[in-house]
């Protein structure tokens, strides 16, 4: 079944890369999908794993299972390290994989705005391991609070700071409110989980900055009604174990919190810069590769970059945002583009069809913008739910996930509440949080 | 709701400890459950997690969720390090927890028969982390085989050795056969997963040594029909990364296998020895604490040891085996014993009611002994399935698990096929397996 004709190598099994692979099912091409992980992750629901509502496997699918019915597709678990554009080859550790057409969709990671040392104290939420680590920290915080006798320390364990007022931050903060107010409310004897403080910090003047103002206000209101404190206009100055120092103008404040989650910055995969260097292309300040109107590199029609790794100028002159619909539409387009070229035909430039965007805060609380239509509350939440359910179900035989998800939503139960990993019983993920948080407090306050 | 009257401290939330806690629901006692993990694990199904059929959360339940409806029970995530029997206190890291009655049910870990250095190359299957690690290694082996071009190395990646012919070893070997023969058979392009070798090694002359001979023979036959090689009478001499050296009399043989799983030895928790030293009790060669006929320590009627940590002499003079039914029955008994004593009454000694034992090899393949009744094949498998389903369902609202389990059994699908952890794309869990396996080969062969 393997053609030796035209080989398309795809880097990255996310929304963009997977849609290219699937779109080439009937093309006279050999498709080689490279990913350093064996699974595709439905990223929009990662926060559900991080907060114990779903299991990792519920929102993941092995890449080779997804492509098993596509005989022209080979999946290889490889970590790409560089490119040899002159010889048309992708370099992985110890080997070279030749291509005729190259599709780079390696996505984005987390940016700590030059403060990578914050990562240990404020984990990001980009992949399954991150989600498991956040789940561990959140559940462990309640466990430690129950063990603790010093009321000040109990308060620190029951304070949760979420940095970033974008969709991820809102989802996490909302889920933390639901966990403390509903899921755990009857399970502790010494602490009252409903007293947990959930604080969302955003440097911009409002949450969801790219959204219309009315929806930002609705989102903030929904979050506050769920019990969260929303601090807009406060920039993070410093993060240490157990403490976040904030600044607003001349005001300084330090939050003592044993659990700090990072939902703020995004930066393109380092493969973007390597590819740009190898192919003489440009990257923007976020490390994204600037592509032409057909998602290829200038001067390299055989190399496509798409999804979160690409800087594609939209109709308004701004780069398209790093959203799943952009990645999926680009994936479909690039597959069609490659297939057409194999037949000697050309396609019109890629055009993003913006169906709108939505963010969820919790049960029956979401905001959605669809053109001029602004939705919030139950209606927006149902729309969000419907779209996400459709995707999950379309993804193989996932009806069971749907049932489990519905179950946990309607019972407010969270069955995937496992603390796994290293530090289970130690009470402190990084060493000596109390000491370092006090030090920070003294320095900053 | 907290009584200050009589405090029962239970160490370990396994079958034994949890049944003590639940059995004291209506007793005039304060129950404090200590566990270093936050969850109870249904150990008999761990191998299903290790082989991708179920998610970790499916076979686990947060201890505090299980006991949330029991107001006299407090759950604390604590790691017990020692005992102060004179002052009736349990010592954890940095604190002392007083008790009136102490129940120690800390279970058992894995024994490498004095070769702890084998653990890195042949992981055990005792907890959720172990299961995830085995899942990672098994799935990664197929991924690496697909990447590999050297046929000898492909063979090494596709060779799986399971050490130990007890129930765990049979379950793992059977599941490996099912994965390679059914689940993965259509998902690879360069290798044929059905060619994977699965080798079960057992030092005794037959698998399932404690079972009647006819059932051992049936189990072996079932495993061989599924495609496994069964090596009985072969002792493991040495395990290195990528290789197992076997010995039978004067014969030596080295199996080159990148995936080696350990299902052999069991040893009691080190807390057993600490408790025995503190209370002047005896331990047996396996580190189990020798208890009296009411599961308490000689001279210490306020201290009970049960489950896998206890050496309880059965009717035949032999210690009771480390099985879930023993732990559960002892748990029920000890709860009743404590409750009776609080009322000034005594109970008859504990007596184990042996309902039989069963081991499963795979779909429609199991063996079961119930008194003089010996079952095998589909009947035994249905009995096994029924008993395990009943337990899982009785454990909170677990109907969904049942559905998912049934689904994966009948479709032969395994949806929880995630490779997570450190070494995803590196191709070698421990460093330089090839080099060290060759060295071993030279030394042994």
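Chains as they are written, first to last, in this note's numbering: chain A, 715 to 1159; chain C, 715 to 1159. Backbone N, C-alpha and C define an ideal beta-carbon position, used for all residues, glycine too.
What does DSSP give as the partner residues of residue i in its beta bridges?
i                       : result
residue 1018 of chain C : C/817, C/1010
residue 997 of chain A  : A/1003
residue 797 of chain C  : C/804
residue 1083 of chain C : C/1071, C/1088
residue 953 of chain A  : A/958
residue 812 of chain C  : C/803
residue 776 of chain C  : C/753
residue 976 of chain A  : A/877
residue 765 of chain C  : For residue 765 of chain C, which the question treats as bridged, DSSP gives no partner whatsoever.
residue 746 of chain A  : A/723, A/788
residue 913 of chain C  : C/875, C/943
residue 968 of chain C  : C/959
Can a CB atom of chain C be found closer than 9 Å to the CB of residue i?
i                       : result
residue 902 of chain A  : yes
residue 985 of chain A  : no
residue 1129 of chain A : yes
residue 1106 of chain A : no
residue 893 of chain A  : no
residue 1138 of chain A : A caution first: residue 1138 of chain A carries a pLDDT of 35, below 50, which makes its placement in the model unreliable, though a value can still be read off. Cβ-Cβ to chain C under 9 Å: yes for residue 1138 of chain A.
residue 1134 of chain A : yes
residue 738 of chain A  : no
Compare the C-alpha of residue i against each of the options and name the closest.
i                       : options                       : result
residue 1041 of chain A : A/896, A/1055, A/1089, A/1023 : A/1023
residue 856 of chain A  : C/1046, C/1134, C/947, C/776  : C/776
residue 749 of chain A  : A/801, A/786, A/948, A/805    : A/805
residue 1069 of chain A : A/888, A/1087, A/1106, A/1057 : A/1087
residue 1030 of chain A : A/1055, A/1067, A/1048        : A/1067
residue 1097 of chain A : A/1071, A/1107, A/1117        : A/1071
residue 799 of chain C  : C/926, C/900, C/1017, C/865   : C/1017
residue 1130 of chain C : C/910, C/907, C/766           : C/766
residue 802 of chain C  : C/815, C/1062, C/790          : C/815
residue 911 of chain A  : A/927, A/872, A/925           : A/872
residue 1044 of chain A : A/1036, A/1052, A/1064        : A/1064
residue 903 of chain A  : C/779, C/1014, C/1091         : C/779
residue 923 of chain C  : C/1073, C/1091, C/727         : C/1073
If you measure from the beta carbon of residue i to each beta carbon in chain A, is any gap under 9 Å?
i                       : result
residue 846 of chain C  : yes
residue 753 of chain C  : yes
residue 1060 of chain C : no
residue 723 of chain C  : no
residue 720 of chain C  : no
residue 916 of chain C  : no
residue 973 of chain C  : no
residue 731 of chain C  : no
residue 853 of chain C  : yes
residue 1117 of chain C : yes
residue 965 of chain C  : no
- request: Taking 8 Å as the threshold, find out whether the region 768-780 of chain C comes into contact with the region 1070-1086 of chain C through three or more Cβ pairs.
  value: no
- request: Count the C-beta pairs between the region 860-879 of chain A and the region 915-932 of chain A that are closer than 8 Å, then say yes if the count reaches three, no if not.
  value: yes
Under 7 Å (Cβ pairs) to chain A, residues found in the region 748-774 of chain C: Here the close residues are 750, 751, 752, 753, 769, 770, 771, 774.
task: Check each residue of the region 855-880 of chain C: if its Cβ is closer than 7 Å to any Cβ of chain A, include it; give the result in chain order.
output: Per Cβ criterion, the list reads 857, 860, 861.
task: Below 9 Å between beta carbons is the criterion; list the residues of the region 921-947 of chain A that meet it against any residue of chain C, in chain order.
output: none
message: Counting beta carbon pairs with one atom in the region 972-990 of chain C and one in the region 806-825 of chain C, are three or more of them shorter than 8 Å?
response: yes
Residues within the region 775-807 of chain C neighbouring chain A, beta-carbon criterion of under 7 Å: 776, 778, 779, 782, 788, 790, 791, 792, 793
- request: Decide yes or no for the touch test of the region 934-944 of chain A against the region 882-889 of chain A: beta carbon pairs closer than 8 Å, at least 3 of them.
  value: yes
- prompt: Taking contact to mean at least 3 C-beta pairs separated by less than 8 Å, is the region 944-958 of chain A in contact with the region 854-868 of chain A?
  reply: no
task: Inspect the CB distances between the region 1052-1062 of chain A and the region 741-761 of chain A and report whether three or more fall short of 8 Å.
output: yes
message: Taking contact to mean 3 or more Cβ pairs, one atom from each stretch, closer than 8 Å, check whether the region 750-760 of chain C and the region 727-736 of chain C are in contact.
response: Counting Cβ pairs under 8 Å, three or more are found: they touch.
task: Scan the region 834-845 of chain C for residues whose Cβ lies nearer than 8 Å to a Cβ of chain A and list them as they occur along the chain.
output: 842, 843
task: Answer yes if the region 835-853 of chain C comes into contact with the region 718-726 of chain C, meaning at least three C-beta pairs across the two stretches below 8 Å, and no otherwise.
output: no
query: If you pair each beta-carbon of the region 886-898 of chain C with each one of the region 941-948 of chain C, do three or more pairs fall below 8 Å?
result: yes
message: Counting beta carbon pairs with one atom in the region 783-802 of chain A and one in the region 867-875 of chain A, are three or more of them shorter than 8 Å?
response: Contact between the region 867-875 of chain A and the region 783-802 of chain A is absent, because fewer than three Cβ pairs lie under 8 Å.
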